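Keeping their order, the protein sequence lines are chains Z and X. Convert by adding 2 to the 1-based position in the first sequence; the result is the number in this note's numbering. Convert by adding 14 to the 1-based position in the second sequence; the result is the number in this note's numbering. The beta-carbon is built from N, C-alpha and C at its ideal position, and this holds for glycine as well. Bear in mind that the values here come from a model prediction, so they are computed numbers and not experimental data. Please read the structure below before turning to the comments.
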Amino acid sequence: MKLVKNAAGRFVPKEVNGEVQIPFKGVDKYKPSRVKARSPIKSCIDYRSDGNKVLKDLKTALKKAGLKDGMTISTHHHLRNGDAVTNMLFDTIKAMGIKNIRWFPTASFPVHSHLIKYLEDGTIHHIEGSMNGPLGKFTSEGKMKGIGVLRSHGGRYQAIQDGEVHIDIAVILAPTADPFGNATGDRGKSACGLIGFALGDSEYADKVIIVTDNLIPFPCVPWQIQGNNVDFVVEVESLGDPKKIVSGTTEVTKSPDRLLIAEYVADFIEAAGIMKDGFSLQAGAGGTNLAFVLFLKEKMKAAGIKARFMRGGSTKYLVEMLEEGLTDYILDGQTFDLEGVRSMRENANHVNTSPFTSYNFHGKGNFASMVDTAVLGATEVDIKFNANVVTHSDGYLLHGIGGWQNCLYSKCTILAIPSFRDRIPVIVDRVTTLCGPGELIDVIITERGIAINPLRKDLLKAVKDSELPIKDIKQIKKEVDEICGGAPVKPKLNKEKVVAIVKWVDGTVLDSIYEKAK
Amino acid sequence: MKQNIKKSSAGKRGDTVRSDCYFEIELKNSGGIKINLKSKVDTMYGESIRQMILDMSEFFGLKDANILLDDNGALPFVLAARFELTVKRLFSDLKKEYLLPFNKKNLYSTKKDQLRRSRLYLPGNEPKFFVNAGLHSPDGIILDLEDSVSPSEKDAAQLIVRNALRSVDFYGAERMVRINQLPKGLDDLKFIVPNNVNVILVPKCESAEQIHKLEKEVDKLKKQYKVENPIYFMPIIESALGVIKAYEIASASKNNYALAIGLEDYTADIGTQRTNEGRESIFARQMLVNAAKAAGIQAIDTVFSDVGDMESLRQSVIESKSLGFEGKGCIHPRQIKVVHEAFAPTTDEIEKAKKIVLAFEEAEKKGLGVVSLGSKMIDPPVVKRAVKIINLALLNKQIGKDWRKK
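Shown next as structure tokens:
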């Protein structure tokens, strides 16, 4: 495979799965000038005038949608690890004898390890989206037929609009829908909050199938997916296990070290002057991120400060901030617990957003860059502030990008991470896989100190008189290497075989993921 | 070497184990050293772990053995301790010690009268808690060999604690070890005295004689290992008899710097239950404070065991402070900050103390025998207390060194 060196100094393939790729050219250095992708003209006279699009089962819907070998099928991760339908979908595709599907999910979860047998037998050719846990391991071992493509949530929307990915059939799981195809995620027995990640798919796919376990008479209002974009509706017994639909990462950490990191994050946001009336922030899930919100909340209360908006994934902790008047709005991308789902349903100031509004590179602006601070995680960072979220230091692909790359555009991007996990240093010389260029990462906060990107002289100045443990990132790395018994040895990788690529938000190729050497 | 058994094991394994490891050594008659390594950090540190095992095998004179390591990310000081124990469980009379280099950051001593508001207890056989403990800024860290270690793992904890004293950065916290109840605790000393322990906690202390025995043994070891830094003692009173003998114990050695109380055992001893109000222990605590002060040392209160209830902890510390205690035991790092805040002088106290100290200094300068503030005369003990508050406020960084100018 022919690899070229991109602007980040990483080697990337010029062609992936038969399609020409553009190597990363630098942050904000590339914008395509083509015309956006289009979908074929549809006419309402081709649909029943009574608005009833219900078919008896998924197989019928797939047949009517014209499922063929080699098609692209998209799914969405709103039901997270509780999703039963994606597995059922591929069981059906397998039973129909269809091969070489390009699976285009917004994210995958351990529950989808069921699909490994379909990757092995050729039902699925490759995955474009995320390859988490067992699927990532499978990919790293070089077992997937095609090359995986990892994109951010915003990058996925960009790829659809670029025409880089044309979706033949979108299968959208909807906790509540009507026979016309209007659908929502904020109610029903499988309520998950919102299903905004499917918005682009519903607009650009050739065929759109809604699968629901709560079919109600027209109209389903308010709708998150508009029925006018939907071809078929299928009712099933159950979309999955509601207990697993809410993410497992919605409890505040009890780890004293993670709490210390969270406390430093809140202290930093205050000391750097970010916490002021009308400010905004993005908080993801994960124990440390939830905890910093709680620390910040106390500071905001004490100082009488109110935020204008906060971006989720929301949890009960953000909802409390909204209900106690500490923020005017929650602009929510996904909902991580049932309190978040309830709030979204009941509170007009808890607004659902989509990757189009929040993250899309081809939008006329997006919300991510308007946020004052975003607090994120990473599997590795290096001394140039580059970060990795998809592979571990042993070279295995284990996570997706999510909205992480897009959030790097916030005015102050903070990575809140432990300096090592067990014996594995998190701060390294050079990240195994580059997912975020260092120039967009402003602050790294660990339990051993806070490192500020030298490019951010303003931040360095703002906190220089504070009591915060500000350190050079190399100093933290040195401390950690001493604890762990030297810098970690790099994994042995087969540089001849790229198993997946990491796309930047603009569609260029940022880095390659290689097969683990046998 | 006297060989008792052919096969031995030590350490921890299983799904929930983190930052620890498990060794099995089976002695063979031939075949050299065979290593079966299962490690979650194999890619990053597999080679260095294999080399370490070979080095340690050579050090202990192992020539032919099958060595199994099940590693969940143990740090080098843990790997070394677990390996050494596995070997020592094979050869009970083995005296050799496999010592990793001493971390130079840990070569500090402490002072008799420094701040001892918080001391964080860490179970001696749980090394995963050690590495980051100092980051939470306790005044002292206690590696515990006593009640938190099961009887069958006492030998494991001794080696882990020894290696931790050498390798783990305590970030300036006072380095303390709670030994086992005497006389058994005397066996613990050779693992800690040569490794720059600052303070030895003596549990269930009931007589001056125990402290004398301890002191003798410590002095012997200090001489043997050429240890020059001071090693202080903190006897813990945990019984009715101990309370009655509190002054005798407190004044038993010049190396005593504090007297502490342990209320779980004490309340059991007097046949009652420990309550949040603590009325059942008011006599013991007052007795202890009085004995400590009479002997000129610090009085240190028991641990607060409800880690989820920070408000009750705060109240408990405020009460401790009012009784005359200067420190509190912590069993979770999140308690430390609360303890420090509650022991800190209040703004009112500091402001009053500033005025008194300034008036005193003014009077001294003018050569006046009597200090007065406004129309009030100030007695010497009031000045003494004010100086103490100012010093505490300085240590807590509540005021700067230039407070006189402000």
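Subject >> Asp384 (chain Z) and Thr435 (chain Z) closer than 7 Å at C-beta >> reply: Indexing the first sequence from 1 puts residue 384 (chain Z) at position 382. Indexing the first sequence from 1 puts residue 435 (chain Z) at position 433. In this structure, Thr435 (chain Z) does not lie closer than 7 Å to Asp384 (chain Z) by Cβ.
Subject >> Outcome for Ser132 (chain X) when other beta-carbon atoms lying within 10 angstroms are tallied against a minimum of 16 >> reply: Counting from 1 along the second sequence, the entry for residue 132 (chain X) is found at position 118. Buried: at least 16 other Cβ atoms inside 10 Å.
Original post:
Measuring CB to CB, does Glu272 (chain X) end up less than 7 Å from Met248 (chain X)?
Top reply: Along the second sequence, read from residue 1 onward, the residue named residue 272 (chain X) stands at position 258. Along the second sequence, read from residue 1 onward, the residue named residue 248 (chain X) stands at position 234. The sequence as given places Ala at residue 272 (chain X); Glu does not occur at that position. Contact flag set, yes.
Original post:
Listing by chain order, which chain Z residues have their CB less than 7 Å from the CB of Val145 (chain X)?
Top reply: In the second sequence, the residue the question calls residue 145 (chain X) occupies position 131. Within 7 Å Cβ-Cβ: Ile485.
**OP:** Please list the partners that Pro347 (chain X) has in chain Z, where partner means a Cβ-to-Cβ separation under 7 Å.
**Re:** Here the question's residue 347 (chain X) lines up with position 333 in the second sequence. The answer, in chain order, is Pro258.
**OP:** Taking only beta-carbon positions, decide if Thr57 (chain X) is within less than 7 Å of chain Z.
**Re:** As a first step, residue 57 (chain X) must be located in the second sequence, where it is residue number 43. It does: the Cβ of Thr57 (chain X) has a partner Cβ on chain Z nearer than 7 Å.
Original post:
Given that Gly135 (chain Z) touches chain X, what residues does it touch there, using C-beta distances under 9 Å?
Top reply: If you number the first sequence from 1, residue 135 (chain Z) lands on position 133. Residues of chain X passing the Cβ test: none, with the nearest at roughly 15 Å.
Original post:
With a Cβ-Cβ cutoff of 7 Å, do Phe234 (chain Z) and Gly53 (chain Z) count as a contact?
Top reply: Taking the first residue of the first sequence as 1, we reach residue 234 (chain Z) at position 232. Taking the first residue of the first sequence as 1, we reach residue 53 (chain Z) at position 51. No.
Original post:
Is any heavy atom of the ligand ADP found at a distance shorter than 6 Å from the C-beta of Lys48 (chain X)?
Top reply: The ligand ADP is not among the ligands present in this structure, which contains no ligands whatsoever.
Original post:
Under the DSSP definition of a beta bridge, which residues are partnered with Ala285 (chain Z)?
Top reply: As a first step, residue 285 (chain Z) is located in the first sequence; it is residue number 283 there, counting from the start. Answer is Z:Val377.
Original post:
Would the segment 451 to 465 of chain Z and the segment 389 to 402 of chain Z be scored as touching if the rule is three or more Cβ pairs under 8 Å?
Top reply: Segments in contact, no.
**OP:** Would you kindly report the start and end of the unbroken alpha helix (DSSP H) that includes Cys486 (chain Z)?
**Re:** Looking up residue 486 (chain Z) in the first sequence gives position 484. It spans 475 to 486 - the alpha helix (DSSP H) in which Cys486 (chain Z) sits, taken as one unbroken run.
Original post:
What in chain Z is Cβ-close to Arg32 (chain X), meaning under 7 Å?
Top reply: Along the second sequence, one-based indexing puts residue 32 (chain X) at 18. Those are Asp424, listed as they occur along chain Z.
Subject >> For Cys219 (chain X), the residue or residues it bridges with in DSSP >> reply: Position 205 of the second sequence holds residue 219 (chain X). Paired residue(s): none; Cys219 (chain X) is not in a bridge.
Subject >> Span of the beta strand (DSSP E) around Lys505 (chain Z) >> reply: Counted from its first residue, the first sequence places residue 505 (chain Z) at position 503. It spans 495 to 505 - the beta strand (DSSP E) in which Lys505 (chain Z) sits, taken as one unbroken run.
Subject >> Spatial distance of Arg310 (chain Z) from Asp279 (chain Z) (CA atoms) >> reply: Start at 1 with the first residue of the first sequence, and residue 310 (chain Z) comes out as number 308. Start at 1 with the first residue of the first sequence, and residue 279 (chain Z) comes out as number 277. Their backbone Cα atoms lie some 8 Å apart in a straight line.
**OP:** Indicate whether at least one CB of chain Z lies closer than 7 Å to the CB of Pro90 (chain X).
**Re:** For this step, residue 90 (chain X) is matched to residue 76 along the second sequence. It does; some Cβ of chain Z falls within 7 Å.
Original post:
Closest by CA to Pro427 (chain Z), which one among Z:Ser356, Z:Asn184, Z:Ser132, Z:Ala489?
Top reply: Numbered from 1 along the first sequence, position 425 holds the residue referred to as residue 427 (chain Z). Considering only alpha carbons, the answer is Z:Ala489.
**OP:** Taking C-beta pairs closer than 9 Å, name the residues in chain X that Ser395 (chain Z) reaches, listed in chain order.
**Re:** Within the first sequence, numbered from 1, the residue matching residue 395 (chain Z) stands at position 393. For a Cβ distance threshold of 9 Å, residue set Val55, Thr57, Met58 of chain X lies close to Ser395 (chain Z), ordered along the chain.
Original post:
In the segment 307 to 352 of chain Z, which residue ranges form an unbroken beta strand (DSSP E) of at least 3 residues, counting only runs that do not cross its ends?
Top reply: 309 to 313, 329 to 334
Subject >> Residues sharing a beta bridge with Cys35 (chain X), DSSP >> reply: If you number the second sequence from 1, residue 35 (chain X) lands on position 21. Answer by DSSP bridge pairing, in chain order: X:Asp85.
Original post:
Got a sec: which bits of the segment 131 to 160 of chain X sit with their beta carbon under 8 Å from any beta carbon on chain Z, in order along the chain?
Top reply: Under the 8 Å Cβ criterion, the segment 131 to 160 of chain X contributes Val145, Asn146, Leu149, His150.
Original post:
Can you list the residues of chain A that Glu325 (chain X) reaches, using a CB-CB cut of under 8 Å?
Top reply: No chain A appears in this structure, whose protein chains are Z and X.
Subject >> Where Ser517 (chain Z) falls: helix, strand or coil (DSSP) >> reply: Your numbering for residue 517 (chain Z) matches position 515 in the first sequence. What sits at residue 517 (chain Z) in the sequence shown is Glu, not Ser. Glu517 (chain Z) falls in the strand class under three-state DSSP.
Original post:
Where does Asn354 (chain Z) land, buried or exposed, given buried means 16+ other C-beta within 10 angstroms?
Top reply: Residue 354 (chain Z) sits at position 352 when you count from the first residue of the first sequence. By the C-beta density criterion, Asn354 (chain Z) is buried, having at least 16 other C-beta atoms within 10 angstroms.
Original post:
Taking only beta-carbon atoms, is Gly87 (chain X) less than 7 Å away from chain Z?
Top reply: Within the second sequence, the letter at position 73 stands for residue 87 (chain X). It does: the Cβ of Gly87 (chain X) has a partner Cβ on chain Z nearer than 7 Å.
**OP:** Give the single residue among X:Ile251, X:Gln349, X:Glu325, X:Asp279 whose Cα lies nearest to the Cα of Ile314 (chain X).
**Re:** Position 300 of the second sequence, counting from 1, holds the residue named residue 314 (chain X). Considering only alpha carbons, the answer is X:Ile251.
Original post:
From which residue to which residue does the alpha helix (DSSP H) around Ile263 (chain Z) run?
Top reply: Counting from one through the first sequence, the residue named residue 263 (chain Z) turns up at place 261. Residues 258 to 273.
**OP:** Compute the Euclidean distance between the alpha carbons of Ala95 (chain X) and Tyr331 (chain Z), then round it to the nearest angstrom.
**Re:** For this step, residue 95 (chain X) is matched to residue 81 along the second sequence. For this step, residue 331 (chain Z) is matched to residue 329 along the first sequence. Those two C-alpha atoms are separated by around 54 Å.
Subject >> Nearest neighbour of Gly2 (chain Z), chosen from Z:Arg344, Z:Ala304, Z:His352 [CA to CA] >> reply: Past the boundaries of the shown model lies residue 2 (chain Z); chain Z is included only from 3 to 520, so the question cannot be answered.
Original post:
Which term fits Ala418 (chain Z), buried or exposed, when burial requires 16 or more other beta carbons within 10 angstroms of its beta carbon?
Top reply: Position 416 of the first sequence, counted from the first residue, corresponds to residue 418 (chain Z). Buried, because 16 or more other Cβ atoms sit within 10 Å of the Cβ of Ala418 (chain Z).
Original post:
Can you name the residues that DSSP bridges to Arg104 (chain Z)?
Top reply: To locate residue 104 (chain Z), count along the first sequence from 1; it is residue 102. Note: Arg104 (chain Z) sits in a beta bridge opposite Z:Thr74, Z:His128.
**OP:** Could you spell out where the alpha helix (DSSP H) holding Val235 (chain Z) opens and where it closes?
**Re:** If you number the first sequence from 1, residue 235 (chain Z) lands on position 233. Premise fails: Val235 (chain Z) lies in the beta strand (DSSP E), 234 to 237, not in any alpha helix (DSSP H).
Original post:
Excluding five sequence neighbours on each side, which residues of the same chain lie with their C-beta closer than 6 Å to the C-beta of Ser356 (chain Z)?
Top reply: The sequence position of residue 356 (chain Z) within the first sequence is 354, counting from 1. Taken in chain order, the residues that qualify are Gly198, Leu201.
**OP:** Could you check the C-alpha separation between Lys402 (chain X) and Pro394 (chain X) for me, to the nearest Å?
**Re:** Counted from its first residue, the second sequence places residue 402 (chain X) at position 388. Counted from its first residue, the second sequence places residue 394 (chain X) at position 380. For Lys402 (chain X) and Pro394 (chain X), the distance between alpha carbons rounds to 13 Å.
Original post:
Is the shortest distance between the beta-carbon of Glu382 (chain Z) and the beta-carbons of chain X less than 7 Å?
Top reply: Mapped onto the first sequence, residue 382 (chain Z) falls at position 380. Not closer than 7 Å to any Cβ of chain X, the Cβ of Glu382 (chain Z) fails to qualify, so no.
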